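Enquirer:
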Amino acid sequence: MLDILRNRRSIRRYKDKEIDPEIVDMLKEAALRSPSSRGINPWRFLFIKDRTLLETLSQAKESGSSFLKDARLGVVVCAKGDESDVWVEDCSIASIILQLTGQSLGLGSCWIQIRNRMHNETQSSEDYIKEVLHLPDGMKVESIIAFGYPDETKEPIPREELEYEKII
Ligand SMILES: Cc1cc2nc3c(=O)[nH]c(=O)nc-3n(C[C@H](O)[C@H](O)[C@H](O)COP(=O)(O)O)c2cc1C
Numbered sequence: 008m009l010d011i012l013r014n015r016r017s018i019r020r021y022k023d024k025e026i027d028p029e030i031v032d033m034l035k036e037a038a039l040r041s042p043s044s045r046g047i048n049p050w051r052f053l054f055i056k057d058r059t060l061l062e063t064l065s066q067a068k069e070s071g072s073s074f075l076k077d078a079r080l081g082v083v084v085c086a087k088g089d090e091s092d093v094w095v096e097d098c099s100i101a102s103i104i105l106q107l108t109g110q111s112l113g114l115g116s117c118w119i120q121i122r123n124r125m126h127n128e129t130q131s132s133e134d135y136i137k138e139v140l141h142l143p144d145g146m147k148v149e150s151i152i153a154f155g156y157p158d159e160t161k162e163p164i165p166r167e168e169l170e171y172e173k174i175i
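For the sequence shown, my numbering assigns the number 8 to the initial residue and increments by one for each residue that follows.
1. If we count the other Cβ atoms within 10 Å of its Cβ and call it buried at 16 or more, is THR160 buried or exposed?
2. Is ARG13 near ligand 3, judged by its Cβ being under 7 Å from some heavy atom?
3. Assuming GLY155 contacts ILE26 (C-beta within less than 8 Å), just tell me the rounded distance between them.
4. Should TYR135 go down as buried or exposed, given a rule of 16 or more other Cβ atoms within 10 Å for buried?
5. Apart from the five residues on each side of it in sequence, which residues of its chain come closer than 7 Å, Cβ to Cβ, to ALA96?
6. Starting from the Cα of GLU149, find the closest Cα among PRO49, LEU60 and SER17 and give me that residue.
7. Is DSSP giving LEU80 helix, strand or coil here?
8. Closer than 8 Å by C-beta to LEU112: which residues in its own chain qualify, once you throw out the five before and the five after it? Chain order, please.
9. Just checking my contact of ILE18 with PRO157 at CB under 8 Å: how many whole Å lie between their CB atoms?
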């Protein structure tokens, strides 16, 4: 696990290569194994491979989401807000579990923040995504995790650069 954490970096450039379906299945299993408060599992995961739809979703924010158009999978992490008062935490845990599982399987990934972000001056990123994906009222959108085989390399953060002063 520490090796996975050491090597994980946000990857925003992806090879033009379909993700092995068995790997997608493992990502689904990993998402569903995420712990959640009181075991309520308020999350829903939309696994999106359609490239036209990924291109549309890549416009969810004015910046910080455009690379989704070149990803080969986007997982929209959302929740039924009325099922749990801590759906944000539950969705965040599931998001990072997806990323770390992807890392362990040779994928690159990057978190795209949706909650509390804007699509433009008048529409939230969440409402934009709900419109595009026809999500029901009451559905909350936390993030989209972009996945693909990495087409960039990033060095691990050196251990001496870790902010050990933040550990008391
Ligand atoms: C909660 C959260 C939200 C993030 N939102 C975005 C985002 O919207 N767009 C993006 O390109 N990266 C996003 N990132 C990735 C961060 O920018 C990245 O993790 C950080 O700069 C550290 O770099 P590293 O992941 O390579 O270690 C997000 C990461 C987290 C944990």
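All C-beta atoms, glycine included, are put in the ideal place defined by N, C-alpha and C. Predicted, not measured: the structure shown is a model, and the values here were computed from it.
Expert: Taking the definition as stated:
1. exposed
2. In the structure on display, ligand 3 does not appear, and the ligands it does have are ligand 1.
3. 7 Å
4. buried
5. Note on identity: in this sequence residue 96 is Glu, with Ala being the wrong assignment. Correct list, in chain order: SER44.
6. Looking at the Cα atoms, PRO49 is the closest of the given residues.
7. strand
8. ILE30, MET33 and LEU34
9. 5 Å
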